[in-house]
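A.B. asks: The numbers in the working numbering rise by one with no breaks, and the one at position 162 of the sequence shown is 162. In this text, a Cβ means the ideal position worked out from N, Cα and C, and glycines have one as well. The structure presented is a predicted model; accordingly, all values stated were derived computationally and were not measured. Shown below is the structure under consideration.
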Amino acid sequence: GHSKGALTAIRQISEMQVDVPMLAMTHCDASKLAKQHGKKSEYALCAAQWHKSLSYSDDFFGNGMQFDKEFNDMYGYAPPYQAAESAAALLVYKAAFERANSFDKDKVRDALAQTDMQTFYGNIKFSDTGQNIAKPMVLFQVRCEGDVCSNKVVAPTKWASATLVHPIPTWSER
Numbered sequence: 001g002h003s004k005g006a007l008t009a010i011r012q013i014s015e016m017q018v019d020v021p022m023l024a025m026t027h028c029d030a031s032k033l034a035k036q037h038g039k040k041s042e043y044a045l046c047a048a049q050w051h052k053s054l055s056y057s058d059d060f061f062g063n064g065m066q067f068d069k070e071f072n073d074m075y076g077y078a079p080p081y082q083a084a085e086s087a088a089a090l091l092v093y094k095a096a097f098e099r100a101n102s103f104d105k106d107k108v109r110d111a112l113a114q115t116d117m118q119t120f121y122g123n124i125k126f127s128d129t130g131q132n133i134a135k136p137m138v139l140f141q142v143r144c145e146g147d148v149c150s151n152k153v154v155a156p157t158k159w160a161s162a163t164l165v166h167p168i169p170t171w172s173e174r
């Protein structure tokens, strides 16, 4: 799937030393791009739904770092964004059931439509079509310190833990 494609692209770009001013990919988390390819993946940009370092919080899970730790302690690996968004969805349903004070599907649907809350995953507010319009995606860049590479948030700048490197250095400059 997509993870294999991301890994293959990085492998081939690095083997062929293809110089590009920017390299953007998807599924960097799922493919464990930074871990699998290390310095070969440095400077790749990756769009993501969530990153543990974001400053959102709630009363149940705390913040993303706390969720990451508890998930890792329980399951032995870092949570993918799907686990984070699923946990946040449960909080949204819990709040909707409480506001509806009922399990009646119409009352719950109406309560869901009125959702305007923050979770450790992000802000949640739905449009008339049911899309969450309150939480932006994040962009991270694979960055390396020595041989250790990790995902650093570069946008939105409000949550950036690193400055975007663009254009990326050529292979001969690395």
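Would Ala-95 and Val-108 qualify as a contact pair, given that the criterion is a beta-carbon distance under 8 angstroms?
C.D. replies: 8 angstroms or more divides the Cβ of Ala-95 from the Cβ of Val-108.
A.B. asks: Thinking C-alpha only, which one of Ala-44, Ala-160 and Met-22 is nearest Leu-7?
C.D. replies: Ala-44
A.B. asks: Out of curiosity, what's the CA-to-CA distance linking Lys-105 and Gly-130?
C.D. replies: 15 angstroms
A.B. asks: Taking DSSP's pairing of strands, which residues face Lys-152 in a bridge?
C.D. replies: Gln-141
A.B. asks: Assign Lys-158 to one of two classes, buried (16 or more other C-beta atoms within 10 Å of its C-beta) or exposed (fewer than that).
C.D. replies: exposed
A.B. asks: Beta-carbon within less than 8 angstroms of Glu-70's beta-carbon, same chain only, minus the 5 sequence neighbours each way: which residues are those?
C.D. replies: For Glu-70, where only same-chain residues beyond five positions count, the Cβ hits under 8 angstroms are Phe-61.
A.B. asks: With H, G and I counted as helix, E and B as strand and the rest as coil, what does DSSP make of Ile-124?
C.D. replies: strand
A.B. asks: Are the CB atoms of Gln-118 and Asp-58 nearer to each other than 8 angstroms?
C.D. replies: yes
A.B. asks: May I ask you to list the residues that DSSP assigns as paired with Ala-24?
C.D. replies: Leu-45
A.B. asks: Gly-62 by DSSP, collapsed to three states: which one?
C.D. replies: strand
A.B. asks: Going by other Cβ atoms of all chains shown within 10 Å of its Cβ, with 16 needed for buried, is Val-154 buried or exposed?
C.D. replies: buried
A.B. asks: Compare the C-alpha of Ala-34 against each of Arg-143, Phe-97 and Ala-84 and name the closest.
C.D. replies: Arg-143
A.B. asks: Rounded to whole angstroms, what is the Cα-Cα separation between Ala-160 and Lys-52?
C.D. replies: 12 angstroms
A.B. asks: CB-CB under 6 angstroms to Gly-38, same chain, minus the five flanking residues each way: which ones, in chain order?
C.D. replies: Cys-149
A.B. asks: How would you label Asn-72, buried or exposed, when you count the other beta carbons within 10 angstroms and need 16 or more for buried?
C.D. replies: Exposed: under 16 other Cβ atoms inside 10 Å.
A.B. asks: For Gln-141, count neighbouring C-beta atoms within 10 Å of its own C-beta (all shown protein chains included) and say buried if the count is 16 or more, exposed if not.
C.D. replies: buried
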